[in-house]
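Trainee: Chains A, B, C, D, E and F, in that order, give the protein sequences.
Note that our numbering has the first sequence beginning at 1, numbered continuously upward.
Note that our numbering has the second sequence beginning at 1, numbered continuously upward.
Note that our numbering has the third sequence beginning at 1, numbered continuously upward.
Note that our numbering has the fourth sequence beginning at 1, numbered continuously upward.
Note that our numbering has the fifth sequence beginning at 1, numbered continuously upward.
Note that our numbering has the sixth sequence beginning at 1, numbered continuously upward.
Mind looking over this structure? Questions follow.
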Amino acid sequence: MKIGILLKEGPYNHQASDTAFKFAEAAIKKGHTVDAVFLYNDGVTNVTKLMDPPQDDRNISARWSELSQKHGVEVLACIAASKRRGINDDVLVQGSAITGLGTLTDIAIRNDRLVTFGD
Amino acid sequence: MKIGILLKEGPYNHQASDTAFKFAEAAIKKGHTVDAVFLYNDGVTNVTKLMDPPQDDRNISARWSELSQKHGVEVLACIAASKRRGINDDVLVQGSAITGLGTLTDIAIRNDRLVTFGD
Amino acid sequence: MLHTINKSPFENSTFETCIRFLLPGDPILFIEDGVYAVQAGNRFSAIIANTLKNNPVFALQPDLTARGLTVVTEGVQCVDYEGFVGLVEEHQVNSWL
Amino acid sequence: MLHTINKSPFENSTFETCIRFLLPGDPILFIEDGVYAVQAGNRFSAIIANTLKNNPVFALQPDLTARGLTVVTEGVQCVDYEGFVGLVEEHQVNSWL
Amino acid sequence: MENENVNKIMHVLRHAPHGTIYSYEGLEMILIMAAYEQDLSVVFIGDGVYALKKNQETAGIGIKGFAKTFMALDGYDVEKLYVDKLSLEERGLTEDDLVVDVEVLDAEVIGGLMREQDVIIHH
Amino acid sequence: MENENVNKIMHVLRHAPHGTIYSYEGLEMILIMAAYEQDLSVVFIGDGVYALKKNQETAGIGIKGFAKTFMALDGYDVEKLYVDKLSLEERGLTEDDLVVDVEVLDAEVIGGLMREQDVIIHH
Chain A
1 MKIGILLKEG
11 PYNHQASDTA
21 FKFAEAAIKK
31 GHTVDAVFLY
41 NDGVTNVTKL
51 MDPPQDDRNI
61 SARWSELSQK
71 HGVEVLACIA
81 ASKRRGINDD
91 VLVQGSAITG
101 LGTLTDIAIR
111 NDRLVTFGD
Chain B
1 MKIGILLKEG
11 PYNHQASDTA
21 FKFAEAAIKK
31 GHTVDAVFLY
41 NDGVTNVTKL
51 MDPPQDDRNI
61 SARWSELSQK
71 HGVEVLACIA
81 ASKRRGINDD
91 VLVQGSAITG
101 LGTLTDIAIR
111 NDRLVTFGD
Chain C
1 MLHTINKSPF
11 ENSTFETCIR
21 FLLPGDPILF
31 IEDGVYAVQA
41 GNRFSAIIAN
51 TLKNNPVFAL
61 QPDLTARGLT
71 VVTEGVQCVD
81 YEGFVGLVEE
91 HQVNSWL
Chain D
1 MLHTINKSPF
11 ENSTFETCIR
21 FLLPGDPILF
31 IEDGVYAVQA
41 GNRFSAIIAN
51 TLKNNPVFAL
61 QPDLTARGLT
71 VVTEGVQCVD
81 YEGFVGLVEE
91 HQVNSWL
Chain E
1 MENENVNKIM
11 HVLRHAPHGT
21 IYSYEGLEMI
31 LIMAAYEQDL
41 SVVFIGDGVY
51 ALKKNQETAG
61 IGIKGFAKTF
71 MALDGYDVEK
81 LYVDKLSLEE
91 RGLTEDDLVV
101 DVEVLDAEVI
111 GGLMREQDVI
121 IHH
Chain F
1 MENENVNKIM
11 HVLRHAPHGT
21 IYSYEGLEMI
31 LIMAAYEQDL
41 SVVFIGDGVY
51 ALKKNQETAG
61 IGIKGFAKTF
71 MALDGYDVEK
81 LYVDKLSLEE
91 RGLTEDDLVV
101 DVEVLDAEVI
111 GGLMREQDVI
121 IHH
């Protein structure tokens, strides 16, 4: 099955990003294709490479980056939401990209499921 | 009267930042000293100079920067909260700085009031 | 002590929680989405009227206007940001986020 | 259709709202702070028991464990992230954020 | 006859305007999706109904208003605007208080529509 | 006799742990403020009481647990931990369910304590 994910909250402040990640991992483990993770609202801040959490904590942007590169998951931040929140190409973690809402529409159409995580 | 402000949410996503700004402006207009605006939780993202909102919208980090420089308001982001969220010295808007929670304690002690805005 | 509430009472329990801790005489100020509490004729009008017996109730006018709320429950006083500052001059602040 | 709820019912109206729109047979999955709804013996146990008459109710076990909730209302089924994926295989998803 | 290539996508607005950005960015998403010729519907539940309230004047809070943008949806062929009846009543509102024509429906009816969707996005 | 240089600062934890970061970053703030020899108190209201729940094991969600850190507050001379009685009862919890010793108080009593504070910060 092909699954798209929509993530609407930023990292650390809400659990949404953690749940989305755990869900994506489990879906891949079960043999599904996680086609894309689309970031909206504060969700766009998931992919800033500038984050520098404590050593003993998870690094959320690095984790998305790894998921993207290892399993071909597109990790995409909405451009309008990104501009409002200070996310641009210079700060993007590897494997992520900035795109428009049209791409989300494509994701919604081409996947069997779109699962939303947020606040 | 000396007033400190604690702001706990990021810009655009919540109105907290707008209300805090309007409150600070009104307090200054009434002759009070707004000593400092301390940014905590997602509030630290108020001061990234990378934000680039639509032309016809307010620029929230530029607005804090101006308030700081015009009225001597210290605009301070908590270092631990900033590191989690990808805010560092390189992206800070002019007039803002990163500091520790001890500074918030000083602000709480030295001001007549501490007013909190958040979600 | 000035209590501020910024959440809609329809979606969030903050208002109900706050009034349990309110002492007689202490003012409440509704701001942001909190102002929906004082819209006349809604589900919370009776609680607001009851609160007004012992506590002054304020609402931030710019937030009411932004939300198209033109009629507020009788007895609720509307203030602008300067009025908000005025309340902070008189009271320590308890912001119920 | 799978309905997911991630907010505590004590602080937020999402749970109450969601169940108004629920059709018989459709499963609910509680995740994140939503899992407090299924803790045995709390204020919502009766509503959960009532919902179970027509709808299967699930809760995400890692979220229960993280919150120290060891006993859930009778009839609630606990699933891990793979079980969550399994529910998504069977149903379109309605995430009540 | 149903077009196999058309997806049913429902947007559910549940947050009040201005206090958070969800309904505003939700509307931005709807406007973009409207160009894709899918079967779009927009449902207003809970505080989401406040997004449609007439007479919103946001200059005083320094935030752009957007209630009037809902009027533009018709021009994008987004005509399915549904409002939950109880949400409206609990807030002391009637259809006359709203900036656009909507269909006011009972929760069971909206629940039925939800079940027909390929995708549902809450804002 | 009251020390004029000591401020009464109250932290109010109102959010459940893990779903949002507020109670965790709230605790981080309390730990730093504890070093400043002010008159600190911590109050748990609403879902905030869940932060003190015993047997929280967070490995499965991949988030650091912090319930046990509340036990360290005593060592920082933060001894005033108050829990709202109704919040505890509504959640089917008793003092035995909590990781630390607290004083369970009625809302009126907590309201009285709030009025004495110089600063109150909600988390």
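Using N, Cα and C, we set each Cβ at its ideal position, and we do this for glycine too.
Where DSSP assigns a beta bridge to valine 73 of chain B, which residues make up the other side?
Mentor: Note: valine 73 of chain B sits in no beta bridge, so no partner.
Trainee: Please determine, among D:Val93, D:Leu52, D:Val72 and D:Phe84, the residue with the shortest C-alpha to C-alpha distance to alanine 26 of chain A.
Mentor: Alanine 26 of chain A has its Cα closest to that of D:Phe84, out of D:Val93, D:Leu52, D:Val72 and D:Phe84.
Trainee: Beta-carbon within less than 8 Å of methionine 10 of chain E's beta-carbon, same chain only, minus the 5 sequence neighbours each way: which residues are those?
Mentor: Leu40, Ser41, Val42, Val43, Leu113, Met114, Gln117, Val119, Ile120 and Ile121, listed in sequence order.
Trainee: Against chain C, does lysine 34 of chain B count as a neighbour if the rule is that its beta carbon must be under 7 Å from one of theirs?
Mentor: This sequence places valine at residue 34 of chain B; lysine is not what is there. No - not a single Cβ of chain C is within 7 Å of the one on valine 34 of chain B.
Trainee: Short of 6 Å in beta carbon distance, which residues of its chain neighbour glutamate 74 of chain A, apart from the five on each side in sequence? Order them along the chain.
Mentor: Taken in chain order, the residues that qualify are Ala36.
Trainee: Could you have a look at valine 34 of chain B and say whether DSSP puts it in helix, strand or coil?
Mentor: DSSP places valine 34 of chain B in strand when its eight states are reduced to three.
Trainee: With C-beta atoms as the reference, is glycine 65 of chain F less than 7 Å away from leucine 13 of chain F?
Mentor: Contact flag unset, no.
Trainee: Would histidine 18 of chain E pass as an interface residue toward chain C - the criterion being a Cβ-Cβ separation below 7 Å?
Mentor: It does: the Cβ of histidine 18 of chain E has a partner Cβ on chain C nearer than 7 Å.
Trainee: Whose Cβ in chain F lies nearer than 9 Å to the Cβ of glutamine 15 of chain A?
Mentor: The contacting residues are His18, Gly19, Thr20, Ile21, Ile61 and Ile63.
Trainee: Starting from phenylalanine 117 of chain B, follow the beta strand (DSSP E) in both directions and report where the run begins and ends.
Mentor: Counting along the chain, the beta strand (DSSP E) containing phenylalanine 117 of chain B begins and ends at 113-117.
Trainee: I need the straight-line Cα distance from isoleucine 61 of chain E to glutamine 61 of chain D, nearest angstrom please.
Mentor: In a straight line, the C-alpha of isoleucine 61 of chain E is about 43 Å away from that of glutamine 61 of chain D.
Trainee: Does the beta-carbon of glutamine 15 of chain A have 16 or more other beta-carbons within 10 angstroms, so that it is buried, or is it exposed?
Mentor: Counting Cβ neighbours within 10 Å, glutamine 15 of chain A comes out buried, since at least 16 surround it.
Trainee: Please go through the same chain and pick out, in chain order, the residues whose beta-carbon is closer than 6 Å to the beta-carbon of asparagine 94 of chain D, but skip the five residues on each side of it.
Mentor: Taken in chain order, the residues that qualify are Met1 and His3.
Trainee: In angstroms with no decimal places, state the Cα-to-Cα distance between methionine 1 of chain F and threonine 94 of chain F.
Mentor: Caution is warranted here: a pLDDT of 43 is assigned to methionine 1 of chain F, below 50, making its placement in the model unreliable, and no coordinate value can be reported.
Trainee: Name, in chain order, the residues that DSSP records as bridge partners for lysine 8 of chain F.
Mentor: Looking at the DSSP assignment, lysine 8 of chain F forms a beta bridge with F:Asp39.
Trainee: Can you give me the C-alpha to C-alpha distance between aspartate 125 of chain F and leucine 105 of chain F, rounded to a whole angstrom?
Mentor: Because residue 125 of chain F is not part of the residues shown, which for chain F are 1 to 123, the question remains open.
Trainee: Just reading off the alpha helix (DSSP H) that isoleucine 98 of chain A is part of, what are its end residues?
Mentor: No alpha helix (DSSP H) holds isoleucine 98 of chain A; the beta strand (DSSP E) holding it covers 96-99.
Trainee: Considering asparagine 50 of chain C, what are the terminal residues of the beta strand (DSSP E) in which it resides?
Mentor: No beta strand (DSSP E) holds asparagine 50 of chain C; the alpha helix (DSSP H) holding it covers 45-51.
Trainee: For chain E, is any of its Cβ atoms less than 7 Å away from the one on arginine 58 of chain B?
Mentor: Taking Cβ atoms only, chain E reaches closer than 7 Å to arginine 58 of chain B, which makes this a yes.
Trainee: Using a 10 Å radius around the Cβ and a threshold of 16 neighbouring Cβ atoms, would you call proline 54 of chain B buried or exposed?
Mentor: Result: exposed.
Trainee: Taking only beta-carbon positions, decide if asparagine 12 of chain C is within less than 7 Å of chain F.
Mentor: Closer than 7 Å: no.
Trainee: Where alanine 67 of chain E and aspartate 52 of chain A are concerned, what is the direct C-alpha to C-alpha distance, given to the nearest angstrom?
Mentor: Spanning the two alpha carbons is a distance of roughly 39 Å.
Trainee: In chain F, which residues lie less than 8 Å from glycine 102 of chain B when you measure between Cβ atoms?
Mentor: Under the 8 Å cutoff, chain F gives Ile32, Ala35 and Tyr36.
Trainee: Could one say the Cβ of leucine 97 of chain C lies closer than 7 Å to chain B's Cβ atoms, at least one of them?
Mentor: Judged by the 7 Å Cβ criterion, leucine 97 of chain C is in contact with chain B.
Trainee: Glycine 31 of chain B: buried (16+ other C-beta within 10 angstroms of its C-beta) or exposed?
Mentor: So glycine 31 of chain B counts as exposed.
Trainee: Considering only the alpha carbon of each residue, which of E:Ile30, E:Thr58, E:Asp96 and E:Asn5 lies closest to aspartate 74 of chain E?
Mentor: Nearest C-alpha to aspartate 74 of chain E: E:Ile30.
Trainee: Could you name the residues of the same chain whose beta carbon sits closer than 8 Å to that of glutamine 77 of chain C, not counting the 5 residues immediately before and after it, in chain order?
Mentor: Counting only Cβ-Cβ distances below 8 Å, and skipping sequence neighbours, we find Pro56, Val57, Phe58 and Ala59.
Trainee: Find out if the Cβ-Cβ distance for the pair tyrosine 81 of chain D, lysine 22 of chain A is shorter than 7 Å.
Mentor: Yes, they are a contact pair.
Trainee: Should the segment 98-107 of chain A be regarded as contacting the segment 60-78 of chain A, the criterion being three or more beta carbon pairs within less than 8 Å?
Mentor: Taking 8 Å as the limit for Cβ pairs, the verdict is that the segment 60-78 of chain A does touch the segment 98-107 of chain A.
Trainee: Compare the C-alpha of glycine 25 of chain C against each of C:Ile5, C:Asn54 and C:Phe44 and name the closest.
Mentor: Out of C:Ile5, C:Asn54 and C:Phe44, C:Asn54 has the C-alpha closest to the C-alpha of glycine 25 of chain C.
Trainee: Provide the residue span of the beta strand (DSSP E) that contains glutamate 103 of chain F, from first to last.
Mentor: Its beta strand (DSSP E) spans residues 103-105.
Trainee: Identify the continuous beta strand (DSSP E) that holds aspartate 18 of chain B and give its terminal residues.
Mentor: No beta strand (DSSP E) holds aspartate 18 of chain B; the alpha helix (DSSP H) holding it covers 16-29.
Trainee: Can you give, in chain order, each stretch of the beta strand (DSSP E) that sits fully within the segment 20-75 of chain D and has at least 3 residues?
Mentor: Complete beta strand (DSSP E) runs here, min 3: 28-30 and 57-60.
Trainee: Kindly indicate which residue of C:Gly34, C:Glu90, C:Gln92 and C:Leu52 has the alpha-carbon position closest to the one of alanine 16 of chain E.
Mentor: Per the Cα distances, C:Gly34.
Trainee: From the DSSP output, read off the bridge partner residues of glutamine 77 of chain C.
Mentor: Bridge partners of glutamine 77 of chain C: C:Phe58.
Trainee: Can you find the residues in the same chain that come closer than 7 Å, C-beta to C-beta, to histidine 18 of chain E, ignoring five residues on each side of it along the sequence?
Mentor: Thr58, Ile61 and Ile63.
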